[in-house]
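Visitor: Quick one: this structure, given as structure tokens, is what I'll be asking you about.
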Amino acid sequence: MKLTASKLNSFLFFKLPSAFLCGVRVKFIDNNRCIVSVKHRWINQNPFQSMYFAVQAMAAELTTGALVMNEIQKNKIKISMLVSQNKAVFTKKATGRIIFECVDGYKVQEAIHLSILNGEGQTFWMKSIGTDENGIQVSEMEFEWSIKAK
């Protein structure tokens, strides 16, 4: 079963309802790239009339995690996955629609291949960049994923 944007959005509704209620939605996913959108609204704002950092983190992490889930599903083998660290830089107030994009799918493919090959856990960093409707970067987040073939 291929992982699609609509299947991931259903997953959000049932397994990550806070992200779903805040408006986080997957718009596109393939083997190397994932795009997630979230619009600044009352429910996801901070006291400064911009998007709360945690909402941005949910959307950014989803771009990376969806790529990990996609690759695990393709390999049809049990693999555990966990975020072990994250870093964030905020460069502009996030208002309007914010698009997060991760293009690090190749890193997941390499790590899963190595984990299956040697049976050891692997860690790797993935980056997600958030831009506003004008294409101006509002945040950049990195997540260190830890995976292990069971």
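According to the working numbering, the residues represented by the sequence shown are 1 to 150, in order. Each residue gets a CB set at the ideal place from its N, CA and C atoms; glycine is no exception.
#1: Leaving out the 5 sequence neighbours to the left and right, which residues in its chain are closer than 8 Å to Gly119 when beta-carbon positions are compared?
#2: With a threshold of 8 Å, are at least 3 pairs of Cβ atoms found where one atom belongs to the stretch 78-94 and the other to the stretch 137-146?
#3: Quickly, what does DSSP pair Met58 with across the bridge? List them, please.
#4: When the Cα of Gln137 is compared with those of Lys93, Gly105 and Leu62, which residue comes out closest?
#5: Once DSSP output is grouped into helix, strand and coil, what is the label at Leu82?
#6: Is Ser115 helix, strand or coil by DSSP?
#7: With distances taken from CA atoms, which of Gly105, Pro17, Cys22 and Phe13 is nearest Asn46?
#8: Could you spell out the range, first to last residue, of the beta strand (DSSP E) harbouring Phe20?
#9: One question on the structure: do Arg25 and Leu12 come within less than 9 Å of each other, judged by their Cβ atoms?
#10: Taking only the alpha-carbon atoms, compute the straight-line gap between Ala5 and Asp132 and give it to the nearest angstrom.
#11: Cβ atoms of Phe53 and Phe100: under 9 Å apart, would you say?
#12: For Asp104, count neighbouring Cβ atoms within 10 angstroms of its own Cβ and tell me buried if that reaches 16, exposed if not.
#13: Report all residues from its chain with a CB closer than 6 Å to the CB of Ile116; omit the five preceding and five following residues, and keep chain order.
Guide: So, from the listed chains and residues:
#1: Translated into the one-based positions of the sequence shown, residue 119 becomes position 119. Counting only Cβ-Cβ distances below 8 Å, and skipping sequence neighbours, we find Ala149.
#2: Enough Cβ pairs lie closer than 8 Å, so yes.
#3: By 1-based counting over the sequence shown, the position of residue 58 is 58. Bridge partners of Met58 according to DSSP: none are assigned.
#4: Position 137 of the sequence shown, counting from 1, holds the residue named residue 137. Taking Gln137 as reference, the option from Lys93, Gly105 and Leu62 with the minimal CA-CA separation is Lys93.
#5: Counting from one through the sequence shown, the residue named residue 82 turns up at place 82. When DSSP states are grouped into helix, strand and coil, Leu82 belongs to the strand group.
#6: Along the sequence shown, read from residue 1 onward, the residue named residue 115 stands at position 115. Correct three-state label for Ser115: helix.
#7: Here residue 46 corresponds to residue number 46 of the sequence shown, with the count starting at 1. Here the closest residue by C-alpha is Cys22.
#8: Locating residue 20 in the sequence shown gives position 20, counting from the first residue. Counted as a single uninterrupted DSSP element, the stretch harbouring Phe20 is not any beta strand (DSSP E) but the alpha helix (DSSP H) occupying residues Pro17 to Leu21.
#9: Taking the first residue of the sequence shown as 1, we reach residue 25 at position 25. Taking the first residue of the sequence shown as 1, we reach residue 12 at position 12. Yes, the pair counts as a contact, with Cβ atoms nearer than the cut-off.
#10: Locating residue 5 in the sequence shown gives position 5, where the first residue counts as 1. Locating residue 132 in the sequence shown gives position 132, where the first residue counts as 1. Using only the alpha carbons, I get a separation of about 21 Å.
#11: What you label residue 100 is simply residue 100 of the sequence shown in a count that begins at 1. What you label residue 53 is simply residue 53 of the sequence shown in a count that begins at 1. No, these two residues do not count as a Cβ contact at 9 Å.
#12: Taking the first residue of the sequence shown as 1, we reach residue 104 at position 104. Classified as buried, Asp104 has 16 or more neighbouring CB atoms from the shown chains inside 10 Å of its CB.
#13: Walking along the sequence shown from the start, residue 116 turns up at place 116. Residues of the same chain with a CB within less than 6 Å of the CB of Ile116, apart from the 5 flanking positions on each side, are Ala149 in chain order.
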